[in-house]
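Trainee:
Numbering (the working numbering), first residue to last: 1 to 222.
1. Thinking C-beta only, is residue 155 closer than 7 Å to residue 164?
2. Using a Cβ-Cβ cutoff of less than 7 Å, which residues in the same chain neighbour residue 13 once the five nearest sequence positions on both sides are dropped?
3. Measuring alpha carbon to alpha carbon, tell me which of 157, 68, 130 ends up nearest residue 247.
4. So is residue 134 buried or exposed if we call it buried at 16+ other beta carbons inside 10 Å?
5. Does the Cβ of residue 200 have 16 or more other Cβ atoms within 10 Å, making it buried, or fewer, making it exposed?
6. Take the Cβ of residue 57 as the centre, count every other Cβ of all protein chains shown within 10 Å, and call the residue buried at 16 or more, exposed below.
7. Tell me, to the nearest whole angstrom, how far the beta carbon of residue 28 is from that of residue 37; I am working on the premise that it is less than 8 Å.
8. Whole angstroms is fine: what's the gap from residue 256's alpha carbon to residue 187's?
9. Quick one: give me the first and last residue of the alpha helix (DSSP H) that residue 31 is part of.
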C-alpha cells in the first residue's frame, strides 16, 4: 500500500526529478505543492493557510477530504513539524559544496544577482542550508526517509521498497552546475566554504555513511 508523502524539497538536490517521477503515478488532484505564496505551483488554499486566512484544522480537513497523497515543496521543518502526522516525511540531500555551487549558478542564471561564488557563500542565508531547512541535525535524522542525489537510483529503489511505490528514475532540471574540471573554484574558496558550512558537512557525511550501509544491506537481501 502506497504511503502518503510529505516531501521537504531542498533546492538543487534532484528534488524536481523525484517530484516528476511521483507525478507520473499520483493523480494531479491528489498533489499539493508549497513553493511560496508567489509561486504558481502553490495551491490557493495553501496560500490562504500560509497567510493565516484559514485555520490549520480546516486546512487539514481539506487535505483529508481530497485524499492528498503527495504534499511537498521548499518547506521548512519549523512550519510543518506538527503537520500531517500520518504522512511519511521524505527528503533528498546532496554534498553541501556541490549543492551550493548548483544553487549559485541557478540563481545567477535566472538573474537573481550578479555576484561571485566567493561572495555568494558569505551570505548568511546560504550557509548551512540543511540546518536552516530542518532546524537541527536531530530533526533531519528523524525523517522517515533521506535520499542522496549522488546515489539517486539507489535512493529511488529504497524509497519504492519502503513506501510501496514503483516510481522510475527520471532526471529533470539538469544543467552543468556541478563542480568539476570545467568549473574551477579555488582551493581557498573551498576551504572557506568548508569552514562556514562545517555543521552541514559533518551532518551530510554522517548520514551518508548510514545510507551506504543501508544500500549494502539492501543489495545483500536482494
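Using N, Cα and C, we set each Cβ at its ideal position, and we do this for glycine too.
Mentor: Considering the structure as presented:
1. Note that the C-beta distance between residue 164 and residue 155 is not below 7 Å.
2. 92, 93, 94, 99, 149
3. Residue coverage of the chain in this structure runs from 1 to 222, which leaves residue 247 outside it and unanswerable.
4. buried
5. Residue burial annotation: residue 200 is buried, with at least 16 other C-beta atoms found within 10 angstroms of its C-beta.
6. exposed
7. Going by Cβ atoms, the distance from residue 28 to residue 37 rounds to 20 Å, so no, they are not a contact pair.
8. Nothing can be reported for residue 256, as the shown portion of the chain is limited to 1 through 222.
9. Taken as a continuous stretch (DSSP letters only), residue 31 belongs to no alpha helix (DSSP H), being part of the beta strand (DSSP E) at 31–34.
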